[in-house]
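Be aware that the sequence shown starts at 947, since it is given in the numbering used here, and climbs by one per residue. We treat Cβ as the ideally placed atom computed from N, Cα and C, and that holds for glycine. Owing to the predicted nature of the structure, the values given are computational and were not obtained by experimental measurement. Have a look at the structure below, then the notes.
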Amino acid sequence: MAIENVQKHLCSLAETQLSRMIPLIEGHNKRGLPGVVRRRDETVCPENIPIGFSSPFRIDGVRVRVASEVPVNQVVEVYTPYEIYDKACKPGLNTHVTEILQQLPVPPAGAEIGLFGAMAFEVMSGLNCFDTSSDVDLILKGFTLGQLEFFLKSVQVLATKISHAFDIEVWLGNGRGVKLQELFLDTKSCLVKGNESVELITRSQLYDMLAVLVKG
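This is the structure:
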């Protein structure tokens, strides 16, 4: 079912990329090429889960990604970004990924770091997706405002050292998140993205939300 939906969405890709992408997905199908849950749109059947597949391929520097959908009863495993991060940090799994993650600040007690994007896809698929053009995509959960500021300053130094940018979301609950850097900009409001919508929230409201989430 997922493969059929992939073929439906792939029709807009160049023929050469199409010929490379389908065998890639089908070749991993027995052990499960990981799909990433994406924002639902009007093309997705109500009873299906919207997912996307990534690949090692790029067109004009842009990663080839494919939208698809899958029935709930065909999902065999589910991993959170936090579980993927823990998996990626284990020595011997993926040396260059592990080396980068081990240089991040250790999360405080009760806080978690999650991993997604190209690095997470490489960890879960075994494909070489994290390259010189890739960002390190993280999500932070349970950090206080002060801890978030420390984390931001630390990764700004690390980004220069490893020559990879960081794209970091802060978890706000209910499928919502805000960019870490936006928390510390000199603006009155921040853009909060959710599974279903995008909204502007005042900075004071956002700080109150973070305080409540940390208290648990």
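- In this structure ASP1083 is buried. Its beta-carbon is surrounded by 16 or more other beta-carbon atoms within 10 angstroms.
- Distance from the CA atom of PRO1027 to the CA atom of ALA1013, rounded to whole angstroms, is 19 Å.
- DSSP places SER1014 in the strand class (E or B) of the three-state scheme.
- Following the DSSP letters along the chain, one finds PRO996 inside the beta strand (DSSP E) bounded by residues 994-999.
- Taking a C-beta distance under 8 Å as the contact criterion, PHE1112 and VAL1101 qualify as a contact pair.
- LYS1099 is the residue among LYS1099, VAL1008 and TRP1117 whose C-alpha sits nearest the C-alpha of PHE1130.
- In this structure, the alpha-carbon of GLU1015 lies about 19 Å from that of PHE1062.
- LEU1073 is a Cβ neighbour of PRO1002, given a cutoff of 8 Å.
- Residue range 1149-1161 is occupied by the alpha helix (DSSP H) that includes ASP1154.
- The beta carbons of LYS1125 and ILE1114 sit about 7 Å from each other, so the pair counts as a contact at 8 Å.
- Excluding its 5 nearest sequence neighbours in each direction, CYS991 has C-beta neighbours in its own chain below 7 Å: GLU1015, listed in chain order.
- A direct Cα-to-Cα measurement between SER1135 and VAL1158 gives close to 18 Å.
- Ranking THR989, GLU988, GLU993 and ILE997 by CA distance to the CA of VAL982 puts ILE997 first.
- Counting only runs of 4 or more residues that sit fully inside the segment 1014-1059, the alpha helix (DSSP H) segments are 1027-1034 and 1041-1047, in chain order.
- Here GLY1092 carries a helix assignment [DSSP, helix/strand/coil].
- Rounded to whole angstroms, the separation of the alpha carbons of LEU979 and VAL1022 is 11 Å.
- Per the coordinates, the alpha-carbon of THR1041 lies some 26 Å from the alpha-carbon of ALA1055.
- Spatial neighbours of TYR1031 in its own chain (CB-CB distance under 6 Å, excluding positions within 5 residues in sequence) are listed in chain order as ILE1059, GLY1060 and LEU1061.
- Between ARG986 and GLU1142, the C-beta spacing is below 8 Å.
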